[in-house]
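Residue numbers (my numbering), protein chains in the order written: chain W, 298 to 443; chain D, 298 to 443.
Note that the Cβ used here is the ideal one computed from N, Cα and C, for glycine as well.
2 protein chains.
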Amino acid sequence: MGADNQQERLDVKWIVGFVDGEGCFHVALNKLPKMTLGWQVLPEFRVVQHQRDEAVLQKLKTYFGFGDIRRNHGDRKEFRVRGLENLNKLVHFFQKHPLQTSKHKSFELFSDILKMMNQKQHLTQKGLKKIANLASQMNRKVRRNL
Amino acid sequence: MGADNQQERLDVKWIVGFVDGEGCFHVALNKLPKMTLGWQVLPEFRVVQHQRDEAVLQKLKTYFGFGDIRRNHGDRKEFRVRGLENLNKLVHFFQKHPLQTSKHKSFELFSDILKMMNQKQHLTQKGLKKIANLASQMNRKVRRNL
Numbered sequence: 298m299g300a301d302n303q304q305e306r307l308d309v310k311w312i313v314g315f316v317d318g319e320g321c322f323h324v325a326l327n328k329l330p331k332m333t334l335g336w337q338v339l340p341e342f343r344v345v346q347h348q349r350d351e352a353v354l355q356k357l358k359t360y361f362g363f364g365d366i367r368r369n370h371g372d373r374k375e376f377r378v379r380g381l382e383n384l385n386k387l388v389h390f391f392q393k394h395p396l397q398t399s400k401h402k403s404f405e406l407f408s409d410i411l412k413m414m415n416q417k418q419h420l421t422q423k424g425l426k427k428i429a430n431l432a433s434q435m436n437r438k439v440r441r442n443l
Numbered sequence: 298m299g300a301d302n303q304q305e306r307l308d309v310k311w312i313v314g315f316v317d318g319e320g321c322f323h324v325a326l327n328k329l330p331k332m333t334l335g336w337q338v339l340p341e342f343r344v345v346q347h348q349r350d351e352a353v354l355q356k357l358k359t360y361f362g363f364g365d366i367r368r369n370h371g372d373r374k375e376f377r378v379r380g381l382e383n384l385n386k387l388v389h390f391f392q393k394h395p396l397q398t399s400k401h402k403s404f405e406l407f408s409d410i411l412k413m414m415n416q417k418q419h420l421t422q423k424g425l426k427k428i429a430n431l432a433s434q435m436n437r438k439v440r441r442n443l
């Protein structure tokens, strides 16, 4: 980014406030026969906005230096972060700049799951069960059907 | 608030980010026969959260020093600001600390309407029509039926 755009860079605390409102930490458990244990653990972070506000999603992407802008549903767009390396950086950001709403509880669970994945615990039956348990506490939709 | 709680005070930029996500600037035009022109102009600002996050609404109230915490619908609570004096202070805050999303457009219209109300233009037929026109641009639900 050029010097002209520096004043347009998002403020750290603004990002935390915006994510307290609009961010979503999610861990999906997908049945996938080709995986060793038959399940894929898919953590992701999303911020969804109406497409009129795609510019602010782009600024989030510019700030973090990773993630993708994609269509969500209909007229909505999302800033989406996947992949352990990027998500570890994201977790580090929100550990340094804590969320103020109850979303911090989902974040803590998300962070615990990432830590286990960093240690490859999701590749063991025991670890996978523990992750499923943590994920069920953060997203109500995850069924504890492992 | 005691010194112990000072670190719990919300950050200015966090508030802007949170309001970019969750805030709502609204001007209602209510048919009210007892008013001079038969219409009441009712501007208000709201932040709605699930009741589990009532604490953060309380912190907004503490920060601004005005507004009320009320039940919104079902399990949701709201921080609501009404009244010209308080809303003028709120407008001053967001003029000093601009919103980053397209919500700033609603804010600008809201701010224009408040300015007219400060000059008592809403008590004239001409002013009321102009306000109705501005309000119809910010809230899609307002019918231009004056």
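Could you check what DSSP says for residue i in three-state terms: helix, strand or coil?
i        : result
D/ASP317 : helix
D/ASP350 : helix
W/LEU339 : strand
W/LEU329 : coil
W/ALA432 : helix
D/ASP365 : strand
D/HIS323 : strand
W/LYS423 : helix
D/LYS310 : helix
W/LYS374 : strand
D/ASN302 : With a pLDDT of 44 at D/ASN302, under the threshold of 50, the predicted position of this residue should be treated as unreliable, though the coordinate-derived value follows. Reduced to three states, the DSSP call for D/ASN302 is helix.
W/ARG441 : Confidence is the limiting factor: at W/ARG441 the pLDDT is only 48, short of 50, which leaves the residue's position unreliable, though a coordinate-based value still follows. Looking at W/ARG441 - three-state DSSP - the assignment turns out to be coil, as it is neither helix nor strand.
Measuring only the C-alpha atoms, how far is residue i from residue j?
i        : j        : result
D/LEU339 : D/VAL353 : 25 Å
D/ARG377 : W/ARG373 : 27 Å
W/MET332 : W/PHE363 : 26 Å
W/PRO330 : W/GLN337 : 9 Å
D/LEU431 : D/LEU420 : 16 Å
D/LYS393 : D/GLU375 : 24 Å
D/ILE428 : D/PHE361 : 26 Å
D/ARG368 : W/GLN418 : 44 Å
W/GLN346 : W/VAL388 : 21 Å
D/ASN327 : D/LYS386 : 24 Å
D/GLU305 : D/GLU351 : 15 Å
W/GLN303 : D/PRO395 : In this predicted model, W/GLN303 has a pLDDT of only 42, less than 50, meaning its place in the structure is not dependable; the value taken from the coordinates is given anyway. Roughly 16 Å between the two C-alpha positions.
D/THR359 : W/ARG379 : 37 Å
Write down the C-beta distance between residue i and residue j rounded to the nearest angstrom, noting that I regard them as a contact closer than 8 Å.
i        : j        : result
D/LEU384 : D/LEU357 : Wrong, their Cβ atoms sit about 14 Å apart, outside the cutoff.
D/PHE315 : W/PHE391 : The Cβ separation is near 15 Å, so there is no contact.
W/GLN422 : W/LEU334 : 6 Å
D/SER403 : D/MET435 : 5 Å
D/GLU341 : D/HIS323 : 6 Å
D/LYS400 : D/ASP308 : So it is not a contact: roughly 19 Å between Cβ atoms.
D/TRP311 : W/VAL313 : 6 Å
W/ILE366 : W/GLN348 : Rounded, the Cβ-Cβ distance is 10 Å, inconsistent with contact.
Could you list which residues in chain W have their beta carbon closer than 7 Å to that of residue i, in chain order?
i        : result
D/LYS446 : With chain D covering 298 to 443 only, the question about residue 446 of chain D has no answer from this structure.
Could you list which residues in chain D have their beta carbon closer than 8 Å to that of residue i, in chain order?
i        : result
W/TRP311 : LYS310, TRP311, VAL313, GLY314, ASP317 and GLN397
W/VAL349 : Checking the sequence, you will find Arg at residue 349 of chain W rather than Val. Those within 8 Å of W/ARG349 in chain D are SER399.
W/LEU307 : GLN397
For the candidate residues the options, whose alpha-carbon lies nearest to that of residue i?
i        : options                                   : result
D/GLN397 : D/GLU351, D/GLY320 and D/GLY371           : D/GLY320
D/LEU381 : D/MET414, D/LYS426 and D/TRP311           : D/MET414
D/LEU406 : D/GLU305, D/GLY424, D/LEU326 and D/SER433 : D/SER433
W/LEU425 : W/GLU305, W/ARG306 and W/ALA325           : W/ALA325
Closer than 9 Å by beta-carbon distance: list the chain D residues that pair up with residue i, in chain order.
i        : result
W/VAL353 : ASP317, GLN397, THR398 and SER399
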